[in-house]
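Asker: Quick one: the structure is below, and I'll ask about it shortly.
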Amino acid sequence: MKKIFVLVSLGWLTISLTACEEAEGNHAVSENKNNIMIQQNKDEKSNKKLENKNKQDTKNKLTKNDNQNFDSNTKNEVVKNNNQNANSNVDTKNEHASIIKNSNTSIKYPQFSSYDNNQVINSSIQAYIQELKDIYGEDLIADYQITLQNSNYVSLVYSGNIEKAAYPRQFKSGITIDLKNGNRVPLNAILNLNDTVKHTIEDKLMNTFKAKDIDFKAIFPNGIDNLLSNKEMTPATSDLQYYLTNNEVVLIFSVPHAIGDYVECTLPY
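Right under this line is the structure:
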């Protein structure tokens, strides 16, 4: 009887242990499932966070690009407007270009057609062109730019190359016409060439030459008084030329080829 009891007890114990093991196994499986679900949730959150970050980065990048494009377009528009404003100060609707061309010479010049004294204006310009031809012969390639055209004056600057010289040279020259009478305007009608103005011009030239490590006195040993005196007329043959812009008079001084053929100096008027 005791033997049977012991066997029965052992059987129940085995069943209990097996049940415990199954319970523990089920618990472990359940725990693993929970851990997997937790990890999946973490992964999903991490992926979502990364996705949101990528979206934000993309949005920021697009915004930055849009801003850059906007800035670029704005800058281009400002430049365009500035250029339009600058060009609007010169009205060339009353002018068409003609050209003298023969041999090695090519000189463009304007012909005006809408002023009361067109003939006098055009004759003054043609006389100036003839002066240029007389100086440089058949070796001049030149073009012009209208730097000022208002109700009082039209001002031209000529620039070009002297092709057949011992060495190729550049030149720059200017002419200003009084639209009321059609005549060329002397420099002293634009600038009061008193001692103060002369010293200002000289100082500007000295600074220009100093920046190039050039001695001013080596270029103008007697100063510039002789160039600025008696400027009732400024022929194309003069070593001092000028032209006008909206608010400045630009002086052009001829200098040796080794230092650039000419230098400019600007003054308000």
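The sequence shown lines up with residues -21 to -1, 1 to 248 when you count with mature numbering (1 follows the signal peptide of the UniProt record, and there is no 0). Ideal placement from N, C-alpha and C gives every residue a C-beta, glycine not left out. This one's a predicted model, so the numbers in the text were calculated from it and none came from an experiment.
Nearest to L127 by alpha carbon, out of L119, K177, H236 and T224?
Answerer: To locate residue 127, count along the sequence shown from 1; it is residue 148. Of L119, K177, H236 and T224, the residue nearest in Cα terms is T224.
Asker: Look up N140 in the DSSP assignment and say whether it is helix, strand or coil.
Answerer: Translated into the one-based positions of the sequence shown, residue 140 becomes position 161. Note: N140 maps to strand in three-state DSSP.
Asker: Beta-carbon separation of I180 and L230 under 8 Å?
Answerer: On the sequence shown, residue 180 is found 201 positions in, with the first residue counted as 1. On the sequence shown, residue 230 is found 251 positions in, with the first residue counted as 1. Contact: yes.
Asker: Note the first and the last residue of the continuous alpha helix (DSSP H) segment covering T155.
Answerer: Within the sequence shown, the letter at position 176 stands for residue 155. Taken as a continuous stretch (DSSP letters only), T155 belongs to no alpha helix (DSSP H), being part of the beta strand (DSSP E) at R148 to D157.
Asker: Since I108 is in the alpha helix (DSSP H), which residue starts that stretch and which ends it?
Answerer: If you number the sequence shown from 1, residue 108 lands on position 129. Looking at the DSSP string, the run of the alpha helix (DSSP H) that includes I108 is N97 to Y115.
Asker: So, with DSSP's three-state summary, where would you put I169?
Answerer: Residue numbering aside, residue 169 sits at position 190 when the sequence shown is read from its first letter. I169 falls in the coil class under three-state DSSP.
Asker: Quick check on this structure: which residue in N96, Q105 and D118 has the alpha carbon closest to the alpha carbon of I89?
Answerer: Reading the sequence shown from its first residue, position 110 is the one you call residue 89. Strictly speaking, residue 89 in this sequence is Pro, with Ile absent from that position. Of the listed residues, the one whose Cα sits closest to P89 is Q105.
Asker: Tell me the rounded alpha-carbon separation between S102 and D192.
Answerer: Walking along the sequence shown from the start, residue 102 turns up at place 123. Walking along the sequence shown from the start, residue 192 turns up at place 213. About 43 Å.
Asker: Q109: which of K87, K177 and D218 sits nearest, CA to CA?
Answerer: Indexing the sequence shown from 1 puts residue 109 at position 130. Comparing Cα positions, the closest option is K87.
Asker: List the DSSP bridge partners of S134.
Answerer: On the sequence shown, position 155 is the one that residue 134 refers to. Its beta-bridge partners are L127 and T155.
Asker: Give the DSSP bridge partners of V229, in chain order.
Answerer: Against the sequence shown, residue 229 aligns to sequence position 250. Answer is Y222 and T245, bridged to V229.
Asker: What are the boundary residues of the beta strand (DSSP E) that includes K191?
Answerer: As a position in the sequence shown, residue 191 is number 212, starting the count at 1. Counting along the chain, K191 falls outside any beta strand (DSSP E), and DSSP gives it neither H nor E.
Asker: Please classify T155 as buried or exposed, where buried requires at least 16 other C-beta atoms within 10 Å of its C-beta.
Answerer: Residue 155 sits at position 176 when you count from the first residue of the sequence shown. Answer is buried; the Cβ neighbour count reaches 16.
Asker: Taking only heavy atoms of the ligand COA into account, decide whether any of them is closer than 7 Å to the Cβ of Y221.
Answerer: Summarising the ligand content, the structure contains no ligands, and the ligand COA is consequently not present.
Asker: Taking N246 as the reference, give the member of L166, I120 and G116 with the closest Cα.
Answerer: What you label residue 246 is simply residue 267 of the sequence shown in a count that begins at 1. Here residue 246 is Leu; the residue named in the question, Asn, does not match the sequence. Answer by Cα proximity: L166.
Asker: Please classify E56: is it buried, with 16 or more other beta-carbons within 10 angstroms of its beta-carbon, or exposed?
Answerer: Numbered from its first residue, the sequence shown carries residue 56 at position 77. Because the pLDDT of E56 is 38, which lies under 50, any placement of that residue in the model is unreliable, and the number read from its coordinates should be weighed accordingly. Under this definition E56 is an exposed residue.
Asker: Work out the CA separation of F195 and I222 for me, nearest whole Å.
Answerer: As a first step, residue 222 is located in the sequence shown; it is residue number 243 there, counting from the start. As a first step, residue 195 is located in the sequence shown; it is residue number 216 there, counting from the start. According to the sequence provided, residue 222 is Tyr. The question's Ile does not apply to it. Answer to the nearest angstrom: the Cα atoms are 23 Å apart.
Asker: Which value, in whole angstroms, describes the spacing of the CA atoms of L207 and L172?
Answerer: Position 228 of the sequence shown, counting from 1, holds the residue named residue 207. Position 193 of the sequence shown, counting from 1, holds the residue named residue 172. Spanning the two alpha carbons is a distance of roughly 7 Å.
Asker: Nearest-angstrom Cα distance between G139 and I120?
Answerer: As a working mapping, residue 139 is identified with position 160 in the sequence shown. As a working mapping, residue 120 is identified with position 141 in the sequence shown. The straight-line gap from Cα to Cα measures roughly 5 Å.
Asker: May I have the straight-line CA-CA distance separating P147 from I141, to the nearest angstrom?
Answerer: Position 168 of the sequence shown, counted from the first residue, corresponds to residue 147. Position 162 of the sequence shown, counted from the first residue, corresponds to residue 141. Distance between the alpha carbons of P147 and I141: 6 Å.
Asker: Within 10 Å of its beta-carbon, does V136 have 16 or more other beta-carbons around it, so buried, or fewer, so exposed?
Answerer: Mapped onto the sequence shown, residue 136 falls at position 157. V136 is buried by the Cβ-count criterion.
Asker: Quick check on DSSP: helix, strand or coil for K40?
Answerer: The sequence position of residue 40 within the sequence shown is 61, counting from 1. Note that K40 scores a pLDDT of 48, beneath 50, so its modelled location is shaky and nothing firm can be said.
Asker: Assuming D218 and Q149 are in contact, meaning their beta carbons sit under 8 Å apart, how far apart are those beta carbons, in whole angstroms?
Answerer: In the sequence shown, counting from the first residue as 1, residue 218 sits at position 239. In the sequence shown, counting from the first residue as 1, residue 149 sits at position 170. Not quite, the Cβ-Cβ distance comes to about 15 Å (not below 8 Å), so this is no contact.
Asker: Are Y248 and L170 close, meaning C-beta to C-beta below 8 Å?
Answerer: By one-based count along the sequence shown, residue 248 stands at place 269. By one-based count along the sequence shown, residue 170 stands at place 191. Contact flag set, yes.
Asker: Roughly how many angstroms lie between the CA atoms of E243 and F232, to the nearest whole one?
Answerer: Taking the first residue of the sequence shown as 1, we reach residue 243 at position 264. Taking the first residue of the sequence shown as 1, we reach residue 232 at position 253. Using only the alpha carbons, I get a separation of about 6 Å.
Asker: For K189, I'd like the list of residues in its chain whose CB is within less than 7 Å of its CB, leaving aside the five on either flank, ordered along the chain.
Answerer: Against the sequence shown, residue 189 aligns to sequence position 210. Nothing meets the Cβ criterion.
Asker: For A121, list the residues DSSP reports as bridge partners.
Answerer: In the sequence shown, counting from the first residue as 1, residue 121 sits at position 142. Answer is I86 and G139.
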